[in-house]
Amino acid sequence: MLGNNLPNAREVINLYKSNNIKRMRLYDPNQQALQALRGSNIEVILGVPNDQLQNLANPSKAQSWVRSNVVAYWPSVRFRYIAVGNEVPPSSSLARFVLPALVNVFNAVRLADPIIGHLAWARTPLLANIYTYFSYSGNPRDISLPYALFTSPSPIVWDQGRGYQNLFDAMLDSLYSALEKAGQGGLEVVISESGWPSAGGFGTSVDNAATYLSNLIKHVQKGTPKRPGKAIETYLFALFDENQKSGPELERHFGLFSPNKQPKYQLHFGGGRHWDIASKEYNATFPLKSDM
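Rendered as structure tokens:
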């Protein structure tokens, strides 16, 4: 994690358990984190950092990466997905390495262990990051704060007879529509990041962040107007504020917890549901577990 004042890996795992958080996203194969995850029963999205994409476009290096970071920990660490890269723009010099790296990692997993390979083959979701905050802050004239925070009392936008009271649903349904047009309407979508900063920019506050997160947690169980009743696997970003993260000030204020492990918001993670947190920072992906 991008901070110099954060708890150690074992403390983080204990924090997950005490808050009934059942899934975690790691943005790189941090060995201390993977060791701490052994036997924890926490399911993990394991990330391939962008700076490794070119290396893993080489099949032998992909096999070595999988042996060191997946096979060495399986099955005592419950890998749910492997995410290859994160937010790589098509114009980036790294973009041409995403597909070969993805294919090589997938093949390396299948070769390394037949059971893992079968689970990887069973279902491949698309990981998508949805931040209503950035849409709102970039265009507050046309996008209202209640629409971005799930607090609008009535639909703001209508599309093909469907009313949208919140921007999250509109953004996700637009992705579903794009997939349908591409002939991939049956593809599962996992929201691999969503959150709201508590400070550092336009529209940032503890109250706004708490409102967004608490409403998101309740809302994702209901589905969207296009796919009602279908719960959405969603990962909240991020576990902690990260005081060494680069970029605008607001990027350092997405945490659900302060570095001293005290919650910034009164969020309920109980009730027998599985809540998911993106706990580090660095996406094509495939699952290592077939149930969604």
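Just so we're aligned: the sequence shown equals residues 1193 to 1484 in this note's numbering.
No residue lacks a Cβ here, since even glycine has one placed at the ideal position from N, Cα and C.
Remember, it's a predicted structure, so these values are computed and weren't measured experimentally.
**Report entry** Reference Pro-1221, options Leu-1238, Ala-1228, Tyr-1325 and Arg-1230, closest by Cα
**Finding:** Looking at Leu-1238, Ala-1228, Tyr-1325 and Arg-1230, the one whose alpha-carbon comes closest to that of Pro-1221 is Leu-1238.
Report task. Name the one or two DSSP bridge partners that Arg-1230 has. Result -> Arg-1230 is not bridged to any residue.
Query raised in the report: Taking buried to mean at least 16 other C-beta atoms within 10 Å of its own C-beta, is Gln-1357 buried or exposed?
Result: By the 10 Å Cβ count, Gln-1357 comes out buried.
Query raised in the report: Gly-1179: buried (16+ other C-beta within 10 angstroms of its C-beta) or exposed?
Result: A query on residue 1179 cannot be resolved here, the shown segment of the chain reaching from 1193 to 1484 and no further.
Query raised in the report: Shortest alpha-carbon distance to Val-1262 belongs to which of Pro-1251, Ile-1274 and Ser-1438?
Result: Selected option, being the one with the closest Cα: Ile-1274.
Query raised in the report: DSSP state of Arg-1272, grouped into three classes?
Result: Taken through DSSP and simplified to helix, strand or coil, Arg-1272 comes out as strand.
**Report entry** Counterpart residues of Ala-1320 in DSSP-defined beta bridges
**Finding:** Ala-1320 pairs with Ile-1383.
Query raised in the report: Distance, Cα to Cα, Phe-1394 vs Glu-1441?
Result: Using only the alpha carbons, I get a separation of about 11 Å.
Query - Backbone secondary structure at Arg-1217 - three-state DSSP - result: Arg-1217 falls in the strand class under three-state DSSP.
Query raised in the report: What separation, rounded to the nearest whole angstrom, lies between the Cα atoms of Tyr-1208 and Leu-1291?
Result: Roughly 33 Å between the two C-alpha positions.
**Report entry** Beta-carbon proximity list for Tyr-1325, same chain, < 6 Å, skipping 5 on both sides
**Finding:** If we look at Tyr-1325 and ignore the five residues flanking it on each side, its Cβ neighbours are Trp-1388.
Requested in this report: Rounded to whole angstroms, what's the CA-CA distance from Arg-1202 to Val-1412? Just pull it up for me.
Outcome: Straight-line Cα distance between these residues: approximately 29 Å.
**Report entry** First through last residue of the beta strand (DSSP E) which encompasses Val-1349
**Finding:** For Val-1349, the enclosing beta strand (DSSP E) stretches over residues 1349 to 1351.
Report task. Compute the distance between the beta-carbons of Glu-1443 and Ile-1383, then report whether it is under 8 Å. Result -> Cβ atoms of Glu-1443 and Ile-1383: not closer than 8 Å.
Query - Alpha-carbon to alpha-carbon, Arg-1272 and Gly-1378 - result: Taken atom to atom, the span from the alpha-carbon of Gly-1378 to that of Arg-1272 is near 20 Å.
Requested in this report: Measuring only between beta-carbons, confirm whether Ala-1264 sits less than 8 Å from chain C.
Outcome: Chain labels in this structure do not include chain C; a single protein chain is all it has.
Query raised in the report: Mapping DSSP to helix, strand and coil, what is Leu-1144?
Result: A query on residue 1144 cannot be resolved here, the shown segment of the chain reaching from 1193 to 1484 and no further.
Requested in this report: Can you grab the Cα-Cα spacing for the pair Gly-1463 / Pro-1420, in whole Å?
Outcome: The pLDDT assigned to Gly-1463 is 46, lower than 50, so where the model puts this residue is not dependable; a value taken from the coordinates is nonetheless given after this. Their Cα atoms are separated by approximately 21 Å.
Query raised in the report: To which residues does DSSP link Thr-1426 through a beta bridge?
Result: Per DSSP, Ile-1383.
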